[in-house]
Structure formats: structure tokens, C-alpha cells
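*Asks:*
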Amino acid sequence: MSIFSFAQDTSMEIDTSTMPPPGIELSYPNKSLAVGDCVIVEIVIPEKWHVNANVVSDEFLKASQIEIAAKGIVFNQPIWPTYKKKYNDALEMDIFVFDGKIQIKIPIKELEASYDSTTTNTTFHYQACSNFICLAPNQVHFSLSPSAATPIPLKKNDSSILVLLFFAFIGGFILNLMPCVLPVLSLKLFSLIKQSGKSRKRLFTLGLSMTGGILFSFWILATIIISLKSAGSLVGWGIQFQSIGFIAFMVILLSAFAMNFFGFFEIWLPGKTLTKMDGFTKKEGLAGAFFTGSLLVLLSTPCSAPFLGSAMGFAFSASAPVLFLFFTVAGLGLSLPYLIITLFPVLLSIFPKPGPWMVSLQKWMGLLLLGTVLWLLWVAKQTVGLEGFFLLIILSLMSMGFSFLTGKIAPPYKPFYREILLLLSSVLILFFTWQFAVSPTIDKALKEKKAAAFSLEKDESGFFPYSKEHLTSALEAGQPVLLDITADWCLTCKANEAAVLSQESLGYVLDKHNVVKIKADWTLQDKEISELLKSLGRSGVPVYAIYLPHNPQNPILLPEILTTNSILDVLDSNQ
Numbered sequence: 005m006s007i008f009s010f011a012q013d014t015s016m017e018i019d020t021s022t023m024p025p026p027g028i029e030l031s032y033p034n035k036s037l038a039v040g041d042c043v044i045v046e047i048v049i050p051e052k053w054h055v056n057a058n059v060v061s062d063e064f065l066k067a068s069q070i071e072i073a074a075k076g077i078v079f080n081q082p083i084w085p086t087y088k089k090k091y092n093d094a095l096e097m098d099i100f101v102f103d104g105k106i107q108i109k110i111p112i113k114e115l116e117a118s119y120d121s122t123t124t125n126t127t128f129h130y131q132a133c134s135n136f137i138c139l140a141p142n143q144v145h146f147s148l149s150p151s152a153a154t155p156i157p158l159k160k161n162d163s164s165i166l167v168l169l170f171f172a173f174i175g176g177f178i179l180n181l182m183p184c185v186l187p188v189l190s191l192k193l194f195s196l197i198k199q200s201g202k203s204r205k206r207l208f209t210l211g212l213s214m215t216g217g218i219l220f221s222f223w224i225l226a227t228i229i230i231s232l233k234s235a236g237s238l239v240g241w242g243i244q245f246q247s248i249g250f251i252a253f254m255v256i257l258l259s260a261f262a263m264n265f266f267g268f269f270e271i272w273l274p275g276k277t278l279t280k281m282d283g284f285t286k287k288e289g290l291a292g293a294f295f296t297g298s299l300l301v302l303l304s305t306p307c308s309a310p311f312l313g314s315a316m317g318f319a320f321s322a323s324a325p326v327l328f329l330f331f332t333v334a335g336l337g338l339s340l341p342y343l344i345i346t347l348f349p350v351l352l353s354i355f356p357k358p359g360p361w362m363v364s365l366q367k368w369m370g371l372l373l374l375g376t377v378l379w380l381l382w383v384a385k386q387t388v389g390l391e392g393f394f395l396l397i398i399l400s401l402m403s404m405g406f407s408f409l410t411g412k413i414a415p416p417y418k419p420f421y422r423e424i425l426l427l428l429s430s431v432l433i434l435f436f437t438w439q440f441a442v443s444p445t446i447d448k449a450l451k452e453k454k455a456a457a458f459s460l461e462k463d464e465s466g467f468f469p470y471s472k473e474h475l476t477s478a479l480e481a482g483q484p485v486l487l488d489i490t491a492d493w494c495l496t497c498k499a500n501e502a503a504v505l506s507q508e509s510l511g512y513v514l515d516k517h518n519v520v521k522i523k524a525d526w527t528l529q530d531k532e533i534s535e536l537l538k539s540l541g542r543s544g545v546p547v548y549a550i551y552l553p554h555n556p557q558n559p560i561l562l563p564e565i566l567t568t569n570s571i572l573d574v575l576d577s578n579q
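Following our numbering, the numbering of the sequence shown begins with 5 at its first residue and continues without gaps.
1) Taking its Cβ as the centre, do 16 or more other Cβ atoms sit within 10 Å of P25, making it buried, or is it exposed?
2) Could you have a look at H474 and say whether DSSP puts it in helix, strand or coil?
3) Please say whether F222 and V301 have beta carbons closer to each other than 7 Å?
4) Which residue from L380, I165, T209 and A315 puts its Cα closest to that of I3?
5) With distances taken between CB atoms, is the gap from M263 to S407 smaller than 7 Å?
6) Would you kindly work out how many angstroms separate the C-alpha atoms of Q529 and I174, rounded to a whole number?
7) Does the region 511–530 touch the region 465–479, meaning 3 or more C-beta pairs lie closer than 8 Å?
8) Determine the direct distance from the alpha carbon of L425 to that of F330, and round the result to whole angstroms.
9) Look at C42 and K105 and say whether their C-beta atoms are less than 7 Å apart.
10) Can the beta-carbon of D488 be found closer than 7 Å to that of K523?
11) Are the region 365–373 and the region 385–401 in contact at 8 Å, needing three or more beta carbon pairs?
12) Using C-beta distances below 7 Å, list every residue in its chain close to A219, excluding the 5 sequence neighbours before and after it, in chain order.
13) For a quick check, are the C-beta atoms of T346 and F208 less than 7 Å apart?
14) For the beta strand (DSSP E) that contains A2, what are its first and last residues?
15) What are the boundary residues of the beta strand (DSSP E) that C497 is part of?
16) Give every residue of the same chain whose Cβ lies closer than 7 Å to the Cβ of K89, excluding the five residues on either side of it in the sequence, and list them in chain order.
17) Assuming G217 and T296 make a contact with CB atoms under 8 Å, what is their CB distance in whole Å?
18) Can the beta-carbon of I560 be found less than 7 Å from the beta-carbon of I550?
19) What does the Cβ neighbour count give for L371, buried or exposed, with the cut at 16 atoms within 10 Å?
20) Report the option in A38, G40, I44 and V39 whose CA atom is closest to the CA atom of I28.
21) DSSP three-state call for F318: helix, strand or coil?
22) DSSP has P111 in a bridge; who is on the other side?
23) Could you work out which residue in Q483, A117, T215 and G249 is closest to L450 when comparing CA atoms only?
24) Buried or exposed: which applies to V547, given that a residue is buried once 16 or more other Cβ atoms fall within 10 Å of its Cβ?
25) Between L290 and S234, is the Cβ-Cβ spacing less than 7 Å?
26) Apply the 10 Å Cβ neighbour rule to Y87 and answer buried if 16 or more other Cβ atoms are within range, or exposed otherwise.
27) For the beta strand (DSSP E) containing K516, list its first residue and its last residue.
28) Could you pull the DSSP bridge partners for M97 from this structure?
29) Since L396 and T445 are thought to touch, with beta carbons under 8 Å apart, how far apart are those beta carbons, to the nearest angstrom?
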């Protein structure tokens, strides 16, 4: 075996500001080369240091890469060793690393008759870290020239926590465009049109109030997540939709809100109270804007948006202050369109001035809110079955009935105690109905659904249910795996299924590549799937990954907005 090597002296004292470049050894088989033979590149990482693996726990870290070229030789994708998982004190998170001595195998894909292995040169790209600091990305080059293995400094890399915060901001903004938010467009649209005749100062104050409601909901979610993490639970983005109780609450609330839009009842307070609070509690005032912002967050977080997945994957594994920071930045991103419109009210000039036409529009907005209720009921049906679905419809109808009675028995400017008594009666009746009629039925349905999850059969779309055994068996059999982590309450997931995953053309290509399809259903809280998400550096759905048999430890993540080409590119480049 012929060996070309460059040895580094690693006996020097290591300081925390620099690291000697890794040593490299490169070896070919000691025979005439053939397609399928492997070049072995051995990397020696200095003592007390490690480098990021070829897959990273999040995008702010720079993954190791290797480039290799030689005259007349075409190389295939490298086969990396298994990385180690290491907790980094400075970053307060698990990272994937290589340390000590590692070997990278690079198969030969094509050989020309005039190949010359002595022209081989390779470049190893790496980011070095100790337990206290991560250095800027660097690279070391190896060739047969005397100047081999000299580190080439790179410009400071911008992949840092600031970039992830930017991702959180952009991801929050993109939530406004995601399918998960489409059912609540009515709330945002009507609120903005209704305020178009206000003064600039008033609009700005309302925009701040809506932003306050958005941030308040994000902070409540962050507090819940931190509490659950402290108790040892594995949690993720959109966890509130894993609770059928939350879905039932939103069905009741939005059913009443739709009745309000239809004009069946009005929310009001006595005149003296309104005077003292300066109209604060009018539904078209600051409290209404705050409530709209809060409701928007609760209904817009079941799905992960582009950029948001990687940012929140880091945030969920970080300390409490960092998680709060990321949630705040995402909330500001979600608020951005409303802040822009309230700062520049001229943008509302595209709408006609408020007038009688808004009464009709308000009723249409009520229909859109009922559309949101139907979506929530559909989500519940996927989870608790037909019987639970009909019971939740009864809760929705009861909410509408109580709203109608409120308008008849306790209209505005009648004795206020009527409204209080009716509200308390409604809450008590709904609570006892849930506690003694709905909840037992739903608990039974949930147990049956969890039991069915252990089925080994494919579903109608050809996906096996996720289990470690399914995944391992397919890879050991030499088959690539397409992993789909989804949930019934994730509209982005459903849109991807309809547009990409259910297409016959994709199924044909996947069969051609002998791909096994596996679906991990995160509709209900599942510890194994939560751990799977964490291992992939993500905190919410949708998540798509391709596992390759020759490198099962390093799955390739696909974008949240899935395309057929994004799948095929990975499969074609790894044949």
C-alpha cells in the first residue's frame, strides 16, 4: 500500500484561540485500481480539540467536508465514519463531532485508461471546537507538492447565533404565508380593514397592541416548553395541537367568535367601566387587537416554516433565556406585516373607506371563521375518530347556542348581571359536558389510535409506520429510506402530501431507486418520534429526510416545502 502523509506535531500546549491544522494521510490500494476501490483519507485531529462532523446539529455550525481530485479518476460521495455526540458547555447543546483519528473512505466511480493517482490532491474543510470555544471555519490542503497541508485561513464565517436569530425572524414572517395560517386570514384582514379610517397614531397603537398579543402568546408557549423540559419531557414546536383539549377549546372559542361576526351577540361592558378604561375593552380597540394577536399565534404554530425549523431546533435545545430570545424574535417576524401597515397606513388605501359594506364583509369573515372551526374538527376526527368528532360538533353547536342566547337575553345596555350569569352558566355546562361525556369517549379513542400505531402494515400511500426496527431493517437490506415526520394538524404536511408525496410519478421513481417510505406520525405526543426530531436537529413538523445505506448515521434533510426535485436530486447524486 502506498501512503502519502503529512504529520503534525500535536504535543504542543493547546491554547483556546487557535488549533494546529489536522494531520492527513491518504492511501490507495497497493494494486491496479478498479471501479469500486476506495481511497482512504485519515485525519488526525489535535489533542483536546474536535471538529464538527459531516452532519451538524444545526445550521450555525459548519459541517466538515472533503474534496478530492486526480487525473483520470472520478470519485463517488465519501463514506464518513460514525460521529460522536458531545455536549458543548459553551453552546449549551449536543453537537456531532469527530476527534482523535478518523478514516474517510472515498469510492472510485469511474477510471480512465490514462489515470494518474500521483496527481491526487484533497482539501479537508473543518470547524474546530474545544469545550470552551468554536473557531472560525478553516481548511487544510494536501497534495504531493512540498507545500502540502498548509492551513488556508478563511474569512470569518457568518454562520452564528445571529444568523439563526435572523432565521427565526424570517421564519416567523413566513408563517403569515404558510397553509397553517390561511384559515385565520379572516381575523387579520377584517381587523386591518376595520381600522383603516383611524388616525395614524391610533393605527400605530393598535399595531403595537396586536404585536403585544403575538409576543404574549409566544412567551406563554416558551414558558410551557421550559416547564415541560425541566420536568424531563421532550417537546417541540406546535405541541398544543397534540392536545385534544386545546383543539376542543379553540372549537368552542372560534364558534362563539363566528357568531359575534354574524351579529348574534355583542361583547360590551357598562358605560362607567368603559369610561374609566377609556374604551380599552371594546372589541375594535386595543384589547381586541391584543386578542387577535394572541389567537393568531395559537392557530399559526402547528407547522414549521422554512428557516424556522433550524432556528427552533437550536432554541429548543438551548437554555431558557436563549429560547425566550428566539421566541421573541420569531414573534416580531410574525408581527412585521401589521407593524408595517400601521406605520404606513397609506397601504390601506387599496381598501374602500369603512361603511355599510363592512356589515356584509363581516358576515363573510364569520363564514371563514367557521371554516377554521371545520378545519379544527377535521383535525380532531383524524385523532379521536368519528364518535369523538360528533361530540366536538355538539360542543361547537352548544357554543353557538349560548352565543345566540346571550344576544337575546343579555343584549347591550340591559342589566349587566344577565351577561355574567349567562357566561358562568355556559362555562359550567360546557365543562361538565366535556368532563363526563366527551373526555371519556376521547380517551378511549386515543388509546385505540396508539395501539393501532404499532401496526406493521403499509398505509394506503405505501408508507410504513415509523419504528427503529423498520428503519434499521431497510438500511441493512441496502435500501434507501424516505422518512416523513408529519402530523394530522399540520396543514403544510398535508399540502406536501397532496402536491408531492401522493403523486404516482414520484412513487414510480422511488420504486426505481428501491426506496422504502416510512412515516412518523407526531399527531399525538410520542417520545420516540420526539427523540427522532431532536436527533435531526428539528423541533417541529414537517421534517423530511433521506437515509442512505452506505451512510446511515448521516441522513440528508430536505426542505420544509417539499418538491419532487429535492428528493430526486439526493437519490440521483448518491447512486
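A virtual CB, placed ideally from N, CA and C, is assigned to each residue, including glycine.
*Replies:* According to the structure shown:
1) So P25 ends up on the buried side.
2) Reduced to three states, the DSSP call for H474 is helix.
3) Closer than 7 Å, so yes.
4) Because the chain spans 5 through 579 in this model, residue 3 falls outside it and cannot be assessed.
5) The answer is yes: Cβ separation under 7 Å.
6) In a straight line, the C-alpha of Q529 is about 27 Å away from that of I174.
7) Verdict: yes, contact present.
8) Going from the Cα of F330 to the Cα of L425 covers about 42 Å.
9) For C42 and K105, no; Cβs fall outside 7 Å.
10) With respect to K523, D488 sits close: the two C-beta atoms are nearer than 7 Å.
11) At 8 Å Cβ cutoff, the stretches do not touch.
12) The question names Ala, but residue 219 in the sequence shown is Leu. Around L219: T332 and G335.
13) Result yes, Cβ atoms of T346 and F208 sit closer than 7 Å.
14) The shown model of the chain, from 5 to 579, leaves out residue 2, and the question about it has no answer.
15) Note, C497: premise wrong, no beta strand (DSSP E); alpha helix (DSSP H) at L495 to N500.
16) The answer, listed in chain order, is D98 and F100.
17) By a beta-carbon distance limit of 8 Å, G217 contacts T296. Their separation comes to about 6 Å.
18) Going by C-beta atoms, I560 is nearer than 7 Å to I550.
19) By the neighbour-count rule (16 or more Cβ atoms within 10 Å), L371 is not buried but exposed.
20) Distance from the Cα of I28 is smallest, within the candidate group A38, G40, I44 and V39, for I44.
21) Correct three-state label for F318: helix.
22) Answer is C42.
23) Put simply, of Q483, A117, T215 and G249 the residue whose alpha carbon is nearest the alpha carbon of L450 is G249.
24) Label assigned to V547: buried.
25) Cβ distance not < 7 Å, so L290 and S234 don't count as in contact.
26) Buried, since its Cβ has 16 or more Cβ neighbours within 10 Å.
27) Here K516 belongs to no beta strand (DSSP E); instead the alpha helix (DSSP H) covers E508 to K516.
28) Looking at the DSSP assignment, M97 forms a beta bridge with N92.
29) Actually they do not touch by this definition, with Cβ atoms about 10 Å apart.
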